[in-house]
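Colleague: This is the structure I have questions about; it appears just below.
Chains as they are written, first to last, in the working numbering: chain F, 1 to 294; chain A, 295 to 496.
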């Protein structure tokens with residue numbers, strides 16, 4: 001029996017042309033959500049069908065692909081997407097940020113600064129930043145057309161009125177190139193400053209919602225805030241328990257049922273490369289103690 | 295016996311050639327004013343340059359109405375080649391086209407005649423592909439905008455000489471506007487609607 005043969009990078013050529021045209025318009029209008037005819041992919045919605053379609057449309061045989069899920073190269077979603085493209089496009093894959101030419105990400109931006117020539121592809125669940133404030137697409141579209149973003153500021157103000165500070169901690173709205181308010185996908189707001197003036201091209205794909213948008217390199221991306229309540233990136237107040245990093249985004253890991261916890265880098269590649277370079281945190285396993293006796 | 299005129303070929307390897315061409319166009323669009331090369335080779339009917347032909351094979355299909363300027367439309371080779379290889383419908387009205395192919399920049403119609411998109415759907419606008427003389431010679435254009443670290447400089451010998459002046463309307467119209475791709479043989483430069491001319495040096 002013959003195994004099914006797919007086109008390079010799975011998608012058919014007509015689909016790629018359609019997505020490629022959408023990507024070009026998205027780059028030309030930074031932050032604007034370009035509608036596209038999203039296809040069914042061999043994975044459920046919510047698993048990165050938008051990001052996968054964007055990646056499939058840009059990927060070439062010389063690319064080196066890295067896929068991260070919440071900063072980790074080793075989770076189910078990251079591994080399955082990486083294997084998907086290794087199988088359908090035969091591309092080289094890596095976990096090292098610096099080695100990759102295309103990085104597909106779910107909800108994190110790598111700690112290692114991105115370089116010119118790299119492309120960061122975000123998987124986006126809800127691309128419309130105004131959707132939870134205004135459910136009608138016709139209305140949000142008009143609000144974007146008129147640059148009428150008062151409602152978003154009201155939402156941030158209500159955060160301050162209720163909690164005393166802007167409590168939005170992820171999917172924190174940004175304004176791109178002084179015009180479009182954009183959802184940076186559910187990345188922690190810790191990552192928002194990395195979007196600003198990045199040398200890398202950033203592409204966003206929302207499969208279920210059928211939208212593609214982009215931030216070209218060297219583009220201003222401003223997190224919305226107020227003069228008296230400026231934007232503050234949030235980070236747990238602790239060093240990484242494995243590599244001791246003081247400036248990386250941390251995941252909180254509950255270690256027992258007595259309130260024990262540890263904080264570790266969410267970016268596994270960053271954490272591992274720091275450990276290789278000799279940085280140690282408070283809870284590193286000591287390899288010599290793990291040696292088998294005898 | 296009837297002689298059969300040979301149609302210039304498309305890409306030898308469709309899939310990877312289209313991918314490579316797209317990446318050049320994407321990089322060009324993401325870095326306005328930078329010169330990108332298109333490596334894949336295709337046949338070039340009539341006045342069509344290598345870069346234009348590759349872009350056509352990469353981005354055009356039945357969903358993209360095309361508008362051709364007089365020089366392109368006047369060549370039956372170009373029209374037949376486009377129809378055979380891309381299947382894109384050729385329209386007479388520039389305001390409904392997705393792409394416009396311009397061989398003679400001197401006769402470029404007023405940009406307002408192309409599709410500018412709407413404020414709700416600014417993406418429904420024409421990408422104008424203009425074939426020009428040469429990059430690296432002629433006037434120098436200093437550009438700024440998204441995709442440009444500080445200021446970009448583009449040296450081009452091209453018609454229309456006042457293209458950037460005419461594109462200044464993009465600033466008023468934004469988010470509506472026209473995106474331009476300049477082609478000189480296998481080299482391309484993209485001028486998306488966000489690019490602004492700072493100054494021109496002759």
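Every residue, glycine too, gets a C-beta built ideally from N, C-alpha and C.
Quick check on the burial criterion: 16 or more other C-beta atoms within 10 angstroms. Buried or exposed for residue 158 of chain F?
Modeller: Here the question's residue 158 of chain F lines up with position 158 in the first chain. Under this definition residue 158 of chain F is an exposed residue.
Colleague: Does DSSP put residue 115 of chain F in a helix, in a strand, or in coil?
Modeller: Here residue 115 of chain F refers to the residue found at position 115 when the first chain is read from its first residue. Residue state, collapsed to three classes: coil.
Colleague: For residue 258 of chain F, which three-state DSSP category applies?
Modeller: What you label residue 258 of chain F is simply residue 258 of the first chain in a count that begins at 1. Coil, per DSSP.
Colleague: Under three-state DSSP, which class holds residue 5 of chain F?
Modeller: Locating residue 5 of chain F in the first chain gives position 5, where the first residue counts as 1. Looking at residue 5 of chain F - three-state DSSP - the assignment turns out to be coil, as it is neither helix nor strand.
Colleague: Any beta carbon of chain F sitting closer than 8 Å to that of residue 320 of chain A?
Modeller: As a position in the second chain, residue 320 of chain A is number 26, starting the count at 1. Closer than 8 Å to some Cβ of chain F, the Cβ of residue 320 of chain A qualifies, so yes.
Colleague: Just to check my reading of the structure: residue 481 of chain A and residue 349 of chain A have Cβ atoms closer than 8 Å, yes? What is that Cβ distance to the nearest angstrom?
Modeller: Your numbering for residue 481 of chain A matches position 187 in the second chain. Your numbering for residue 349 of chain A matches position 55 in the second chain. The Cβ separation is near 12 Å, so there is no contact.
Colleague: Would you check if the distance between the CB atom of residue 156 of chain F and the CB atom of residue 224 of chain F is smaller than 8 Å?
Modeller: Counted from its first residue, the first chain places residue 156 of chain F at position 156. Counted from its first residue, the first chain places residue 224 of chain F at position 224. At the C-beta level, residue 156 of chain F and residue 224 of chain F come within 8 Å of one another.
Colleague: Mind the definition here: the region 299-314 of chain A touches the region 330-339 of chain A only if three or more C-beta pairs lie below 8 Å; say whether that holds.
Modeller: Yes, the region 299-314 of chain A touches the region 330-339 of chain A.
Colleague: Could you please tell me which residues of the region 49-73 of chain F, in chain order, have their CB closer than 8 Å to any CB of chain A?
Modeller: So the close ones are 57, 58, 59, 60, 61.
Colleague: Alpha carbon to alpha carbon, how far is residue 425 of chain A from residue 379 of chain A? Give it in angstroms, no decimals.
Modeller: As a first step, residue 379 of chain A is located in the second chain; it is residue number 85 there, counting from the start. As a first step, residue 425 of chain A is located in the second chain; it is residue number 131 there, counting from the start. Each residue's Cα considered, the two are about 20 Å apart.
Colleague: Could you confirm whether any beta carbon from chain F is found closer than 8 Å to the beta carbon of residue 377 of chain A?
Modeller: If you number the second chain from 1, residue 377 of chain A lands on position 83. No, residue 377 of chain A lies away from the interface with chain F (no Cβ there is under 8 Å from its Cβ).
Colleague: To the nearest whole angstrom, what separates the beta carbons of residue 437 of chain A and residue 326 of chain A, a pair I think is in contact under 8 Å?
Modeller: The sequence position of residue 437 of chain A within the second chain is 143, counting from 1. The sequence position of residue 326 of chain A within the second chain is 32, counting from 1. With a beta-carbon spacing of about 6 Å, residue 437 of chain A and residue 326 of chain A fall inside the 8 Å limit used to define contacts.
Colleague: Any idea which residues DSSP pairs residue 211 of chain F with across the strands?
Modeller: In the first chain, residue 211 of chain F corresponds to position 211, counting from 1. Its beta-bridge partners are F/35, F/206.
Colleague: Quick check on the DSSP output: the beta strand (DSSP E) that includes residue 495 of chain A runs from which residue to which?
Modeller: Within the second chain, residue 495 of chain A is the residue found at index 201, counting from 1. Per DSSP, the continuous beta strand (DSSP E) segment holding residue 495 of chain A begins and ends at 490-495.
Colleague: Select from F/228, F/45, F/19, F/48 the residue whose C-alpha is nearest the C-alpha of residue 35 of chain F.
Modeller: Along the first chain, one-based indexing puts residue 35 of chain F at 35. Nearest to residue 35 of chain F by C-alpha distance, out of F/228, F/45, F/19, F/48, is F/19.
Colleague: Work out the CA separation of residue 454 of chain A and residue 391 of chain A for me, nearest whole Å.
Modeller: Numbered from its first residue, the second chain carries residue 391 of chain A at position 97. Numbered from its first residue, the second chain carries residue 454 of chain A at position 160. In a straight line, the C-alpha of residue 391 of chain A is about 21 Å away from that of residue 454 of chain A.
Colleague: Would you call the CB atoms of residue 200 of chain F and residue 185 of chain F closer than 8 Å?
Modeller: The residue labelled residue 200 of chain F in the question sits at position 200 within the first chain. The residue labelled residue 185 of chain F in the question sits at position 185 within the first chain. No.
Colleague: Mind checking residue 164 of chain F: buried by the 16 CB within 10 Å criterion, or exposed?
Modeller: Within the first chain, numbered from 1, the residue matching residue 164 of chain F stands at position 164. Residue 164 of chain F comes out exposed.
Colleague: Taking a contact to mean a Cβ-Cβ separation below 8 Å, would you say residue 11 of chain F touches residue 80 of chain F in this structure?
Modeller: Counting from one through the first chain, the residue named residue 11 of chain F turns up at place 11. Counting from one through the first chain, the residue named residue 80 of chain F turns up at place 80. Going by C-beta atoms, residue 11 of chain F is not nearer than 8 Å to residue 80 of chain F.
Colleague: Consult DSSP for residue 45 of chain F and reduce its assignment to one of helix, strand or coil.
Modeller: Here residue 45 of chain F refers to the residue found at position 45 of the first chain. The answer is coil: DSSP assigns residue 45 of chain F none of H, G, I, E or B.
Colleague: Can you pull out the residues from the region 111-125 of chain F whose beta carbon lies closer than 9 Å to at least one beta carbon of chain A?
Modeller: Per Cβ criterion, the list reads 116, 117, 119.
Colleague: In whole angstroms, give me the CA-to-CA distance for residue 441 of chain A and residue 362 of chain A.
Modeller: Position 147 of the second chain, counted from the start, is the residue given in the question as residue 441 of chain A. Position 68 of the second chain, counted from the start, is the residue given in the question as residue 362 of chain A. Residue 441 of chain A and residue 362 of chain A: Cα-Cα distance of roughly 29 Å.
Colleague: Could you tell me the alpha carbon to alpha carbon distance between residue 188 of chain F and residue 114 of chain F, rounded to whole angstroms?
Modeller: For this step, residue 188 of chain F is matched to residue 188 along the first chain. For this step, residue 114 of chain F is matched to residue 114 along the first chain. Approximately 17 Å, taken between the alpha carbons.
Colleague: My parser needs the alpha helix (DSSP H) runs of 4 or more residues fully inside the region 352-408 of chain A; what are they?
Modeller: 364-367, 370-380
Colleague: Check whether the Cβ of residue 413 of chain A lies closer than 8 Å to any Cβ atom in chain F.
Modeller: Residue 413 of chain A sits at position 119 when you count from the first residue of the second chain. It does; some Cβ of chain F falls within 8 Å.
Colleague: Hey, is residue 192 of chain F's beta-carbon within less than 8 Å of any beta-carbon in chain A?
Modeller: Working through the first chain from its first residue, we reach residue 192 of chain F at position 192. For residue 192 of chain F, no Cβ of chain A is located within less than 8 Å of the residue's own Cβ.
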